[in-house]
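Okay, structure first, notes after.
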Amino acid sequence: MSGTPAERVGELRRLIAAANRAYYVDDAPTVDDSVYDDWMRELEALEAEHPELAASDSPTRTVGAAVGQAVAVGDSATAAVAPGQRFPTVRHRQPMLSLANARGPQELEAWHRRLVARLSDEGLAGRPLRFVVEPKIDGLAVTLTYEDGVFTQGATRGDGAVGEDVTANLRTIAGIPSALAGAAGARPPALVEVRGEVYLPLAAFADLNERRARAGERTFVNPRNSAAGSLRQLDVAEVARRPLAIWCYGFGAVVGLVLGRHWDALGWLREAGFPVSPEVTLHEDLAGAAAACAAWEERRAAVDFDIDGAVVKVDDFAARERLGSVGRAPRWAIAYKFAPTTATTLLKDIPVNVGRTGAVVPYAVLDPVSVGGATVTFATLHNQDDVARKGLLIGDTVIVQRAGDVIPQVVGPLTEARTGDETPFVMPTACPACSTDLVQPPDEVQYRCPNRSCPAQLVGGIEHFASRGALDIEGLGEKRVQLFYDLGLVRTFADIYRLAGRRDEVLAIERFGERSVDNLLAAIEASKERPWERVLYGLGIRHVGEVTAQAIAAVVPTLDDLLAADAERLAEAEGVGPVVAESVREFLGSEANIALLEDLRAAGLRTVSDAPAAPREGGPLAGLSVVITGALDAYTRDEAKRAVVAAGGKAVGSVSRNTAMLVAGADPGSKLAKAESLGVPVVDGDAFTEILAGRRPVPGAAEGQEDGAAPADD
Ligand code: IVH
Numbered sequence: 002m003s004g005t006p007a008e009r010v011g012e013l014r015r016l017i018a019a020a021n022r023a024y025y026v027d028d029a030p031t032v033d034d035s036v037y038d039d040w041m042r043e044l045e046a047l048e049a050e051h052p053e054l055a056a057s058d059s060p061t062r063t064v065g066a067a068v069g070q071a072v073a074v075g076d077s078a079t080a081a082v083a084p085g086q087r088f089p090t091v092r093h094r095q096p097m098l099s100l101a102n103a104r105g106p107q108e109l110e111a112w113h114r115r116l117v118a119r120l121s122d123e124g125l126a127g128r129p130l131r132f133v134v135e136p137k138i139d140g141l142a143v144t145l146t147y148e149d150g151v152f153t154q155g156a157t158r159g160d161g162a163v164g165e166d167v168t169a170n171l172r173t174i175a176g177i178p179s180a181l182a183g184a185a186g187a188r189p190p191a192l193v194e195v196r197g198e199v200y201l202p203l204a205a206f207a208d209l210n211e212r213r214a215r216a217g218e219r220t221f222v223n224p225r226n227s228a229a230g231s232l233r234q235l236d237v238a239e240v241a242r243r244p245l246a247i248w249c250y251g252f253g254a255v256v257g258l259v260l261g262r263h264w265d266a267l268g269w270l271r272e273a274g275f276p277v278s279p280e281v282t283l284h285e286d287l288a289g290a291a292a293a294c295a296a297w298e299e300r301r302a303a304v305d306f307d308i309d310g311a312v313v314k315v316d317d318f319a320a321r322e323r324l325g326s327v328g329r330a331p332r333w334a335i336a337y338k339f340a341p342t343t344a345t346t347l348l349k350d351i352p353v354n355v356g357r358t359g360a361v362v363p364y365a366v367l368d369p370v371s372v373g374g375a376t377v378t379f380a381t382l383h384n385q386d387d388v389a390r391k392g393l394l395i396g397d398t399v400i401v402q403r404a405g406d407v408i409p410q411v412v413g414p415l416t417e418a419r420t421g422d423e424t425p426f427v428m429p430t431a432c433p434a435c436s437t438d439l440v441q442p443p444d445e446v447q448y449r450c451p452n453r454s455c456p457a458q459l460v461g462g463i464e465h466f467a468s469r470g471a472l473d474i475e476g477l478g479e480k481r482v483q484l485f486y487d488l489g490l491v492r493t494f495a496d497i498y499r500l501a502g503r504r505d506e507v508l509a510i511e512r513f514g515e516r517s518v519d520n521l522l523a524a525i526e527a528s529k530e531r532p533w534e535r536v537l538y539g540l541g542i543r544h545v546g547e548v549t550a551q552a553i554a555a556v557v558p559t560l561d562d563l564l565a566a567d568a569e570r571l572a573e574a575e576g577v578g579p580v581v582a583e584s585v586r587e588f589l590g591s592e593a594n595i596a597l598l599e600d601l602r603a604a605g606l607r608t609v610s611d612a613p614a615a616p617r618e619g620g621p622l623a624g625l626s627v628v629i630t631g632a633l634d635a636y637t638r639d640e641a642k643r644a645v646v647a648a649g650g651k652a653v654g655s656v657s658r659n660t661a662m663l664v665a666g667a668d669p670g671s672k673l674a675k676a677e678s679l680g681v682p683v684v685d686g687d688a689f690t691e692i693l694a695g696r697r698p699v700p701g702a703a704e705g706q707e708d709g710a711a712p713a714d715d
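When the letters of the sequence shown are read in order and numbered with the numbering used here, they come out as residues 2 to 715.
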């Protein structure tokens with residue numbers, strides 16, 4: 002655990018927010034579900050233990066991620082999508098909640114004990130509790146609004162409170178009725194919101210990926226991402242070509258329909274024409290529900306959709322009402338998570354890969370094996386210590402695990418299966434790509450290739466630049482980058498933008514037809530519209546990930562600002578410490594890098610940010626940098642920051658001589674001392690409120706304004 006509980010809580014909230022964004026907005030998960038669950042549990046525990054650290058916008062109380070700009074461009078299979086274009090937002094009449102997890106039967110029983118105890122506190126002791134068990138479909142939650150029996154609007158979950166209006170896309174899904182059928186249609190309720198999960202059947206997923214691979218397009222990592230990407234396509238015709246399906250499992254807001262039980266609600270949905278899984282079951286007690294969960298775990302690979310667990314729901318709506326919800330999840334339902342799936346196979350070899358940072362990473366080459374429904378051929382081994390810790394020998398029979406359904410892992414060897422012919426892994430002494438002697442920097446486990454012009458690193462860097470979170474150049478994946486590199490067509494990021502002038506040379510490459518070349522060139526052209534922070538991320542500066550790049554772009558909103566920034570200025574960015582600042586400075590210390598940046602500017606890439614709200618002119622904090630520290634009574638940290646921005650100021654992470662004012666709450670820590678030593682004015686929470694309201698001047702405002710912290714100049 003790092004630092005104080007408050008620091009750890011902050012850290013966990015940041016990690017979870019970044020993971021949420023990657024999962025819900027970018028459809029490109031960055032961490033395993035199990036890691037995410039661990040973070041969430043740790044955060045919940047800390048918040049329970051330290052109520053003073055609770056915040057209404059904590060990820061334990063909210064769901065998912067706010068819908069954002071990146072959404073519509075995330076999966077633009079057609080170049081016709083205008084960058085930045087997106088779906089209108091919709092505020093849900095009833096929040097779309099999430100589910101707490103039970104990992105295994107014991108946690109399921111613990112959940113049940115809590116239910117029973119709570120219901121007896123509510124005076125409902127002894128009432129028999131029935132349960133419904135449903136598959137937990139790994140897709141994308143949607144809400145479908147029917148007014149007077151007619152489908153009027155459909156939306157994604159978004160952050161649980163506000164989603165995206167994807168009505169037109171949902172209309173392409175065969176299972177979604179345009180009007181309620183049967184008795185429900187004859188006497189339709191004034192309003193029902195039907196909740197369900199959109200998914201791509203596994204066979205359709207395989208087909209889609211095959212088509213995309215043939216067309217030289219990026220393939221989807223898993224069916225969930227493909228469903229999410231497909232539903233958020235701006236081109237309805239393209240959505241219609243993807244055979245999305247839906248299972249419905251509940252209601253949101255309802256007017257004019259009274260039902261007492263979930264089981265009856267599912268019956269009503271079926272009759273009204275909605276697809277409800279025929280495999281949903283009703284149980285008289287928890288033992289029955291637990292057995293159903295175990296049965297689902299057994300046969301998860303036998304159904305035509307990905308499931309990542311089973312959902313156990315209290316049947317009786319009156320009991321649900323009494324149970325209510327806690328934070329982001331109802332108490333009356335729980336997701337029973339399956340144990341990670343494992344299989345055994347032969348570890349054929351352990352070669353090494355050289356990544357874009359020069360890190361030399363061993364990986365496992367396996368006899369292809371099916372694990373939890375996916376074929377696994379490779380698995381990362383991180384570093385030589387990982388290989389040693391797991392006790393792996395080449396030729397071993399190994400246990401392979403797919404946790405969180407995304408990243409396969411080698412757990413360890415079956416030593417009893419050894420024949421004596423197994424051989425140990427030896428870290429090569431020279432880089433497999435450029436033969437340079439590898440080095441192991443002190444304090445690092447990883448070996449590195451020190452050659453900055455190592456082809457493996459250059460190729461990895463270009464791949465990163467073109468990747469989804471960065472410049473997102475559809476059709477410029479690993480294989481093509483390697484090919485263009487080998488042919489000498491692309492050796493730097495800027496070369497990518499010179500391809501348009503070398504169209505004939507690209508066309509001359511085997512398997513490149515007019516259409517695929519034009520698609521690629523269009524995707525390259527479109528990437529010029531990516532925001533500055535993504536260009537910054539794409540540069541692949543060490544320690545500058547997506548979140549850090551956004552934070553840096555907020556303090557240096559243009560390329561010129563970046564070139565002029567000293568370490569102190571960079572350190573004003575949220576989450577940027579001396580190591581990151583030094584790494585950025587080092588990058589900028591190279592003439593070749595400066596030339597590269599100028600080339601990119603000349604190519605027409607965006608070098609000016611439009612992300613941070615330009616300081617509101619005339620706001621009480623216009624043009625001022627403000628640092629918040631310690632706990633404020635009237636604001637959570639995020640609320641305080643938003644208030645600063647709304648007042649025209651800039652909320653920055655650390656105190657410098659450019660800081661106009663430090664707002665210090667309880668337990669302010671080292672920032673207070675630093676502010677005092679630099680002569681930065683310090684105010685408390687009450688004074689902050691007064692300043693925001695314009696009832697009190699900013700102390701020493703005139704000096705602060707002269708002192709830099711200039712508004713974004715675009
Ligand atoms: S019930 C308030 N039932 O899982 C109840 N959700 O972690 C919340 N999901 O957002 C939804 N299958 O995307 C429910 N049979 C099922 C489900 C299901 C998949 C998803 C849904 C939800 C998430 C909650």
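Every residue gets a Cβ at the ideal spot worked out from N, C-alpha and C, and that includes glycine.
| Check | Outcome |
| --- | --- |
| Nearest-angstrom Cα separation, counted from residue 506 out to residue 519 | 13 angstroms |
| Separation of residue 137 from residue 310, as counted between CA atoms | 5 angstroms |
| Cβ-based burial, residue 127 [other Cβ within 10 Å; buried from 16] | exposed |
| Bounding residues of the alpha helix (DSSP H) (the contiguous stretch that carries residue 528) | 515-528 |
| Residues whose Cβ lies closer than 5 angstroms to any heavy atom of the ligand MN, in chain order | With respect to the ligand MN, the structure offers nothing, as its ligand set consists of the ligand IVH. |
| Residue from 252, 276, 547, 647 with nearest C-alpha to residue 246 | 276 |
| Bridge-paired residues (DSSP) for residue 249 | 197 |
| Closest Cα partner of residue 624 within the set 410, 611, 659 | 659 |
| Span separating the alpha-carbon of residue 695 from that of residue 43 | 40 angstroms |
| Assigned secondary structure, residue 584 (DSSP; H/G/I helix, E/B strand, else coil) | helix |
| Residue 512 versus 495, 542, 481, residue with shortest Cα-Cα distance | 481 |
| Residue from 251, 490, 593 with nearest C-alpha to residue 453 | 593 |
| N-terminal and C-terminal residue of the beta strand (DSSP E) that residue 468 is part of | Per DSSP, residue 468 belongs to no beta strand (DSSP E) and is neither H nor E. |
| Nearest residue (CA-CA) to residue 282, options 433, 314, 241, 153 | 314 |
| Option nearest residue 527 by Cα separation, candidates 471, 542, 580 | 471 |
| Backbone secondary structure at residue 596 - three-state DSSP | helix |
| Three-state secondary structure assigned by DSSP to residue 449 | strand |
| Alpha carbon of residue 108 to alpha carbon of residue 61, nearest angstrom | 19 angstroms |
| Exposure of residue 139, with buried meaning 16 or more beta-carbon neighbours within 10 Å | buried |
| Residue range of the alpha helix (DSSP H) that includes residue 289 | 287-299 |
| Exposure label - residue 153; buried when at least 16 CB within 10 Å | exposed |
| Through-space distance from residue 199 to residue 473, alpha-carbon basis | 25 angstroms |
| Inter-stretch contact at 8 angstroms, needing at least 3 Cβ pairs: the stretch 364-371 / the stretch 424-436 | no |
| Residue 295 versus residue 392: straight-line alpha-carbon distance, rounded | 32 angstroms |
| Straight-line Cα distance separating residue 413 from residue 116 | 39 angstroms |
| Residue 439 versus residue 11: straight-line alpha-carbon distance, rounded | 38 angstroms |
| Distance CB(residue 547)-CB(residue 538) smaller than 8 angstroms | yes |
| Buried or exposed by the 16-neighbour rule on C-beta atoms within 10 Å, applied to residue 415 | exposed |
| For residue 154: DSSP bridge partner residues | 146 |
| Proximity of residue 423 and residue 395 at Cβ, strictly below 8 angstroms | yes |
| Strand pairing of residue 331, partner residues [DSSP] | 326 |
| Status (buried if at least 16 other CB within 10 Å, exposed otherwise) for residue 591 | exposed |
| CB contact check: residue 187 to chain B, cutoff 8 angstroms | Although the question refers to chain B, the structure presented lacks it and comprises just one protein chain. |
| Three-state secondary structure assigned by DSSP to residue 645 | helix |
| Residue 511, DSSP secondary structure in three states | coil |
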